[in-house]
Each structure stands twice: as C-alpha cells, then as structure tokens.
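Engineer: Structure below; questions to follow.
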Amino acid sequence: MSEHLSIHDSELLKLTRHGHTLVITISHPPANTWTKQSLDDLSLLIRSVTNERDIYTLIITGEGDKFFSAGADLSLFADGDPETARVMAHSFGTAFEALSEFRGLTIAAINGYAMGGGLEVAMACDLRIAESQAKMALPEASVGLLPCAGGTQNLPHLVGEGWAKRMILCGERVDADTAAKIGLVEVVVETGEALTTALAWAKQAEKQSPLAVGACKRLIQHGRKNPMWQGLEKEREYFVSLFGTADQAEGVQAFLEKRAPVWRNS
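Its first residue numbered 345, the sequence shown is counted upward by one per residue in the working numbering.
Structure representation (structure tokens):
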C-alpha cells in the first residue's frame, strides 16, 4: 500500500492499493462471514477513504477461492435476543449504505458463494463481476429471518420483482450464468479472474473525470426513488456545477490537444 494512505488493514478486512484503486478483501475464514466488528470497520473505512481524493475506485472481494461472503454469522442470533438483531441490522445498514454512497466507482469481485449479507454487500456496489463457480442467494427466510441490509430493496431494482420474489420468498439460489441473465451481475469470468477483471474496469474508469463520475453516479441513484423531472433538473444543475473545476478545464484542454487528461479530482 502507498505510504501516504491514512487507512490501514483491520483484523477482518485486508486492504491493497493499486494506483487509484483500493481493494478490500473480506478476511474471516472459513466463509468470510460478517461480524459487527467487520461491518463497523467497513463503515469507518468508507468514511476515511472519502477524504483520500486520490482513491477513485473501491473493489470488494473475498479471501480464498470458495467464498466471497456467506453473510452474517448465524450463531450471533442463536439466543433470539431482539437487541442483538437491532444492533446487527443497524451495523449492516450503516456499512452497506455508506458503500453505496461512496463518491466513486465500487465493484464487487464475486469469487465464490455470495449468500445473504454477502450478496447484499455486492448489490450495494455499482458493478458486479462473478466467477463461473459463484452461487448467489438470499436465504434468510429459511431460518425465519429476512434480508435486512438492502436485499428486499436492491434485488427488485436489479432483477425485477419476479426474480426477487423467487430468490427471497422461494429461497431460490442462482448460479453465475443465471445471475448474468437476470441482471444481477454484469459479467461472468473464469475462476480466479474476478479481481483481475475488476482492476481492468477500474483502470478504464480512471480515464473519466472522477468529479464527473461522482456526479453521474449520484444522478443515476437519484432516479431510483425520485421522479424523473427532478432528476432532469439535477442533471442540468450538476452539468453547470462541473464548469469552473480544474478537471473540466483539463478535460476539454486535453481533448483539444489530443492527449490523455491528468485528473486532479478538483
């Protein structure tokens, strides 16, 4: 990692810097389950990296070659304590909503099983890449629970109500090819290639102005829960707001000079 980066590994999240990209590896063997600590660590990481203007993209993947993440550790709920459920639901929501709202691009490199909260963290990302062996599901109802980290809201947005109900209400598990067919992931790659592909996508995104990417992302996500006329107004507003920034001036000048722009993210 770059020495000037002010964020560091935690016990359950390992960080690797690749230029303008930060790779977050969920490291909680054997199934990379989420705990309150790892969720709180992710929330803190997202807040911290927001101030690192030299980081444009976040990639999330799992340690090992079998699990991206199996979601919550169900042993946490064995005593049936509603207070434990309340605390965990809050930590899940805070962490994954922070990830969804990160100013730059976020990519899930799904390198194995993505179950429950494992699939929900992937759905909180902008883009998803699945390796061919990956399996995805939201099986919470099979143990008397429900997806509480965005699953019931994000899944219908991505795949439509019918497939969301098949996965959530019927407990249907999908393989990588089906996930691509229904729009749950953008692409399927061979085993071991998800992270490499995600890094290539991040490199491609670096050609875009980070400020423009951030503005476009906010507009796209605004459209999920607001009427189009509001989005059209904001689109024009954000367009004008980019003028006067260093990146807008650099982008236009680089185009005219037929060279690659050098972004300052300001």
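Even glycine gets a Cβ: it sits at the ideal position worked out from N, Cα and C.
Note that the coordinates shown come from a computational prediction; the quantities given were computed from them, not determined experimentally.
Return the bridge partner residues of Y400 from the DSSP annotation.
Structural biologist: Y400 is not bridged to any residue.
Engineer: Can you name, in chain order, every residue of its own chain whose Cβ lies under 7 Å from the Cβ of A433, other than the five neighbours on each side?
Structural biologist: Closer than 7 Å at the Cβ level, and outside the excluded window around A433, lie C492.
Engineer: Taking the C-alpha atoms as reference points, what is the distance between D384 and L359?
Structural biologist: Roughly 15 Å between the two C-alpha positions.
Engineer: Give the DSSP-derived three-state secondary structure of L482 in the structure shown.
Structural biologist: Here L482 sits in coil by DSSP.
Engineer: Which residues in the same chain as A452 place their Cβ atom closer than 6 Å to its Cβ, once the five residues preceding and following it in sequence are excluded?
Structural biologist: Only I404, A466, C469 and R472 meet the Cβ criterion.
Engineer: Please classify E464 as buried or exposed, where buried requires at least 16 neighbouring CB atoms within 10 angstroms.
Structural biologist: With 16 or more Cβ atoms within 10 Å of its Cβ, E464 is classed as buried.
Engineer: Would a C-beta distance cut-off of 8 Å place L357 and T369 closer than the cut-off?
Structural biologist: Contact: yes.
Engineer: Would DSSP call L357 helix, strand or coil?
Structural biologist: Strand at L357.
Engineer: Mapping the DSSP letters down to three states, classify T428 as helix, strand or coil.
Structural biologist: Helix.
Engineer: Return the CA-CA distance between Q548 and G424, expressed in angstroms with no decimal places.
Structural biologist: Rounded to whole angstroms, Q548 to G424 spans 47 Å at the Cα level.
Engineer: At a cut of 8 Å, does the region 501 to 511 reach the region 522 to 534 through at least three beta carbon pairs?
Structural biologist: Enough Cβ pairs lie closer than 8 Å, so yes.
Engineer: Which two residues bound the contiguous beta strand (DSSP E) that contains L449?
Structural biologist: Per DSSP, L449 belongs to the beta strand (DSSP E) from L449 to I454.
Engineer: Are there 16 or more other CB atoms within 10 angstroms of the CB of R562, so buried, or fewer, so exposed?
Structural biologist: Classification of R562: exposed, given that the 10 Å Cβ count is below 16.
Engineer: My assumption, with CB atoms under 8 Å, is that F446 sits in contact with L402. Please give the rounded CB distance.
Structural biologist: Rounded, the Cβ-Cβ distance is 6 Å, consistent with contact.
Engineer: CB-CB under 7 Å to L586, same chain, minus the five flanking residues each way: which ones, in chain order?
Structural biologist: For L586, where only same-chain residues beyond five positions count, the Cβ hits under 7 Å are L555, A556, A559 and Q592.
Engineer: Using a Cβ-Cβ cut-off of 8 Å (strictly less than) and excluding sequence neighbours within five positions of L443, which residues of its own chain qualify?
Structural biologist: Excluding positions up to five away in sequence, the list reads L386, I390, L402, I404, T450, V465, A468 and C469.
Engineer: Run through DSSP, which three-state label would S346 get?
Structural biologist: Low local confidence applies: a pLDDT of 39 at S346 is under 50, so the model's placement there is unreliable, with the coordinate-based value given in what follows. Note: S346 maps to coil in three-state DSSP.
Engineer: Beta-carbon separation of G488 and G415 under 8 Å?
Structural biologist: Contact: no.
Engineer: In the structure shown, what three-state DSSP assignment does A559 receive?
Structural biologist: Helix at A559.
Engineer: Could I get the ranges of all uninterrupted alpha helix (DSSP H) runs contained in the region 537 to 593, with 4 residues as the minimum, in chain order?
Structural biologist: Fully enclosed alpha helix (DSSP H) runs of 4 or longer: 538 to 549, 554 to 566 and 572 to 586.
Engineer: Tell me, please, which residues DSSP counts as bridged to D519.
Structural biologist: D519 is bridged to K479.
Engineer: Grouping DSSP H, G and I as helix and E and B as strand, with all else coil, what is T369?
Structural biologist: Correct three-state label for T369: strand.
Engineer: In its own chain, which residues sit with a C-beta less than 6 Å from the C-beta of F412, not counting the 5 before and 5 after it?
Structural biologist: G406, I454, N455, G456, A458 and G462.
Engineer: Under 8 Å by Cβ, that's how I've got G495 and I512 pegged, so tell me the actual separation to the nearest angstrom.
Structural biologist: So it is a contact: roughly 7 Å between Cβ atoms.
Engineer: Taking all protein chains shown into account, do 16 or more other C-beta atoms lie within 10 angstroms of the C-beta of V532, making it buried, or fewer, making it exposed?
Structural biologist: The residue in question, V532, is buried, as its Cβ has 16 or more Cβ neighbours within 10 Å.
Engineer: Look at R517 and A481 and say whether their C-beta atoms are less than 8 Å apart.
Structural biologist: Yes, Cβ-Cβ distance for R517 and A481 is below 8 Å.
Engineer: Taking the Cβ atom as the reference point for each residue, do S553 and G595 lie within a distance shorter than 8 Å?
Structural biologist: Against a cut-off of 8 Å, the Cβ pair of G595 and S553 comes out as a contact.
Engineer: Can L420 and T428 be called in contact, C-beta distance under 8 Å?
Structural biologist: It is a contact, given that the beta carbons lie within the stated cut-off.
Engineer: Pull up the distance between the alpha-carbon of S486 and that of T541, whole angstroms please.
Structural biologist: Approximately 34 Å, taken between the alpha carbons.
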